[in-house]
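If you want the numbering used here, it's the 1-based position in the sequence shown plus 422.
Built from N, CA and C at the ideal position, the CB exists for glycine as well.
See structure below.
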Amino acid sequence: MLFGSSGWEIDESAAPQESEKIFDKSYNSAFKETGLVDY
C-alpha cells in the first residue's frame, strides 16, 4: 500500500493517542531506519 493512498490511513477506532509515537516503516525490519532503537 502506498503512503497516503486511499485505505492507507489508520482507522479511528485503532488510532494512536497523542502521547504515542508513530513509526513510518519502509523495510521489513522493525528497526531499520525507523528510530525505534533510540525510542
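Quick one: Cα of residue i to Cα of residue j, how far?
i: Leu458; j: Ala452; result: 8 Å
i: Glu434; j: Glu440; result: 13 Å
i: Phe445; j: Pro438; result: 11 Å
i: Ala436; j: Lys443; result: 14 Å
Under 8 Å Cβ to Cβ from residue i, same chain only, skipping five residues before and after it: list those, please.
i: Trp430; result: Met423, Leu424
i: Glu455; result: Ser448, Tyr449
i: Ile432; result: Pro438
Taking 6 Å as the line, does the beta carbon of residue i fall inside it for any heavy atom of the ligand PLP?
i: Glu434; result: With respect to small molecules bound, the structure shown includes none, and the ligand PLP cannot be examined in it.
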